[in-house]
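To start, the structure itself, in structure tokens.
Chains as they are written, first to last, in this note's numbering: chain A, 1 to 435; chain B, 1001 to 1435.
See below:
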């Protein structure tokens, strides 16, 4: 291994949110039950801990009793506020842990990210059941039709630009950054990500670019400002679009960048470059073939394209809580699924890069900034909202670090395009030679 | 585009084999028919040329008549020796063009590679029919069981080390080279390929390597000699293995490299690195899941793996002539198919690189050397064999350049492995900084 390989956590920002113990005067979990826990309940709880691989966790019950399958190794503590919460945990553990945490019926004095990581570690190699998962996802998941997509996107991205400004980087990039070095700031790593994608796409002055899903417009503006590209950028989030248009006008880039309020299904026109950063997660595998057809129909014969998306190591539904509460309709693809975009359309995959650990690092930055702004978030929304987003960000850090989520950048071109660099040398900045 | 992008042919070796015209005293096609061609036959021939997109080709018939759909644009000429050949061409054009060419019933005074390329160009975007292809392939293709695989491999790789020594590089690497620069020699590009793979795998002294399908052993010896790895290399080609073992002994690397005569299905043991260069083409998509299981069971939790294989842009059978005459049982995967190796086994794809145009360049070198040695090949075998291999190499050049075949290097690791370089900087040699 190169010497610069470091373990994941070395220089990543540390996040240390913990619920205060009730005895410390912190938020007291709502008292659900006055009756004591039963021996049967405690036995069930022990079985449940065994079923997830005996993590070094102690579960403290509402009546002061506590259960652990490894009393000498306990590193993390979780408090359950009552009988109803406990039984819900038995029935659907992931979902109820999340909902219980959000509502304060489940609390912990341990670091939330570490707590989740320790459960993942205990469960490692216990692959879940794809068929049952698929069924539950199908039965409870959100549709991804044109109309449903608008609602899904509104749910997450129209929470208010003010909210995202509290904890994203200054340019509001809400996707995985690219840390060229371990020490890079989030701000610099987001710019590095944009430049890295532009290099992969061999972007040059005058290129006509279609961007599908443009967020607050930073990347579209970056391509126009720094590379002389002419960009048409699509989005269905109104709040984001209004913000993006105002920025384009303020920067005098109104002619070079056109922001269009439309869904990916409505993309038309011809382009030299097709790019999409963080939209594919919302498209759904059932639509990939159609997306590929649209891309192919837009792309010039000598064109290039890149899709940047969260991904999976194997096809499986996103966890139900995230799909229900955070990203309605969200579904990252496995690579085998993503190929449905390129293969039937006669496009050629040139380069796939997995940036999983860059996303873990990005999320650690976001979580740290989120905690620093949690009072402001609480003012804007409420305590539940703070706990929900904390859980979502902490669980995402843990999942990327445990290898449960991937980040794929897929570079592609029409199959007949031979006008491409032969090597990837141009992607990596010139460095001083050995002295 | 970076300025070093050049069109495919610029500095690649030129191949200029042409059949001499019969009038020039060259090989006279066997006279099949004494009767003249009919108007119906010439009309059918015209239709056939239309069906493949009106390439600028003139077909000269055995009676001196000739047919072209674009008389003013003709650039290539093909001679058909008789009625039987013509009708066989109508029934199964690709297959009979190849067999007819091999047997000298079809000849051309044009460059063979260019002739094939012009047909591909005319046919561009006429996607063939996957279902019919699949059926024909299933009905006529070779099995890939353990026993059948031995016979398949024997058919191609045991043609005699002497034969391959005539036209491969000095180290006998019969897979795509990596041209770090356009001017690199084939010899240097084959060494560059080996080093590039070792960098992708972060190979270090003491690493236990399993190599599946080791050819004449050059890469196994390279990893041991240049990186201090301990390699166990598998192959089922006896001629190759005997050669490889003799080289290991001669170099004093007998302790560091073990050559095992066994199929991939028989691979056992633990390794830090799993690598396979040019074997997957012979495994068959129906076995990928099993291959993945074997790789996963061998690979240490902090291990890395790389598969280097010819590939396709979409699942389809290899063309029938190649499968029947050249590579029995051969079937390159589309990426969606290759994912069956990694996804069900809980492995993570880290990096996919498509080196298609490097393979076209490699094949141009081989074809040039093959032509230079064609007299020696004719002595070893016969004229038919020379024509068969010329066609196979020329058609391969044309197919890679037209985007009909890909070359994928897929880097992977167990999903939980976080001990990996964060960026791909280390893959690219340090270059002098801008002065």
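Think of the CB as a built atom: it goes at the ideal place given N, C-alpha and C, for glycine as much as any other residue.
Everything numeric in this text was worked out from a predicted model, so none of it was measured.
- For a cut-off of 8 Å, the C-beta gap from residue 261 of chain A to residue 241 of chain A is around 6 Å, short enough to register as a contact.
- In this chain, the alpha helix (DSSP H) harbouring residue 1340 of chain B covers 1335-1342.
- Residue 1311 of chain B is bridged by DSSP to B/1406.
- Contact annotation for residue 358 of chain A against chain B: 1422 [CB-CB distance below 8 Å, chain order].
- Listed along chain B are 1336, 1339, 1343, each with a C-beta nearer than 7 Å to that of residue 336 of chain A.
- Take the alpha-carbon of residue 244 of chain A and the one of residue 1414 of chain B: they are about 41 Å apart.
- Contact of residue 1354 of chain B with chain A by beta-carbon distance below 8 Å involves 348, 349, 350, 351.
- For residue 1243 of chain B, none of the residues of chain A pass the 9 Å Cβ criterion, the least Cβ distance being about 31 Å.
- Contact between residue 102 of chain A and residue 387 of chain A holds: CB atoms are separated by about 5 Å, below the 8 Å threshold.
- For residue 171 of chain A, same chain residues with a beta-carbon under 7 Å away, outside a window of 5 residues either side, are 190, 218 in chain order.
- By the C-beta criterion, the region 311-322 of chain A is judged not to be in contact with the region 1275-1291 of chain B, since fewer than 3 inter-stretch pairs fall below 8 Å.
- Taking each of B/1317, B/1340, B/1328, B/1094 in turn and checking the Cα distance to residue 1294 of chain B, the smallest one comes out for B/1340.
- Listed along chain B are 1428, each with a C-beta nearer than 7 Å to that of residue 425 of chain A.
- Residue 1226 of chain B sits exposed, since fewer than 16 C-beta atoms from the chains shown fall within 10 Å of its C-beta.
- Rounded to the nearest whole angstrom, the C-alpha separation of residue 1337 of chain B and residue 336 of chain A is 7 Å.
- Apart from sequence neighbours up to five positions away, the residues of its chain that approach residue 1122 of chain B with a beta-carbon distance below 7 Å are 1052, 1053, 1054, 1055, ordered along the chain.
- If the five residues before and after residue 1144 of chain B are omitted, its C-beta is found closer than 6 Å to the C-beta atoms of 1284, 1329, all from its own chain and listed in chain order.
- By the Cβ neighbour-count rule, residue 1211 of chain B is buried, with 16 or more other Cβ atoms within 10 Å of its own.
- The alpha carbon of residue 273 of chain A has as its nearest neighbour, out of A/47, A/48, A/288, A/232, the alpha carbon of A/232.
- Listed along chain A is no residue with a C-beta nearer than 8 Å to that of residue 1050 of chain B; the closest approach is about 21 Å.
- At least one C-beta of chain B is nearer than 8 Å to the C-beta of residue 406 of chain A.
- Look at the beta carbons and you see the region 1257-1271 of chain B not touching the region 1182-1199 of chain B: under three pairs across the two are nearer than 8 Å.
- The DSSP-derived three-state label of residue 305 of chain A is strand.
- Residue 380 of chain A sits in a helix when the DSSP states are folded into three classes.
- Straight-line spacing of the CA atoms in residue 319 of chain A and residue 419 of chain A works out to 42 Å.
- For the region 172-192 of chain A, the residues whose beta carbon sits under 9 Å from a beta carbon of chain B are, in order, 178, 179, 180, 181, 182.
- If you draw a straight line from the Cα of residue 93 of chain A to the Cα of residue 395 of chain A, it comes to about 14 Å.
- In this structure residue 1065 of chain B touches residue 1042 of chain B by the C-beta definition: roughly 6 Å separates them, less than 8 Å.
- Distance check between residue 1361 of chain B and each of B/1178, B/1221, B/1075, B/1159 places B/1178 closest, using alpha-carbon atoms only.
- For the C-beta of residue 394 of chain A, not a single chain B residue is nearer than 9 Å; the gap to the nearest is close to 18 Å.
- Below 8 Å, too few C-beta pairs join the region 1374-1384 of chain B and the region 371-386 of chain A to call them touching: fewer than three.
- If you draw a straight line from the Cα of residue 1039 of chain B to the Cα of residue 1069 of chain B, it comes to about 15 Å.
- Under the three-state reduction of DSSP, residue 1163 of chain B is assigned to helix.
- Of all residues in the region 1234-1266 of chain B, none is placed with a Cβ closer than 7 Å to any Cβ belonging to chain A.
- Judged by DSSP secondary structure, residue 1417 of chain B falls outside any beta strand (DSSP E); it is assigned neither H nor E.
- Residue 1392 of chain B has its alpha-carbon roughly 8 Å from the corresponding atom of residue 1326 of chain B.
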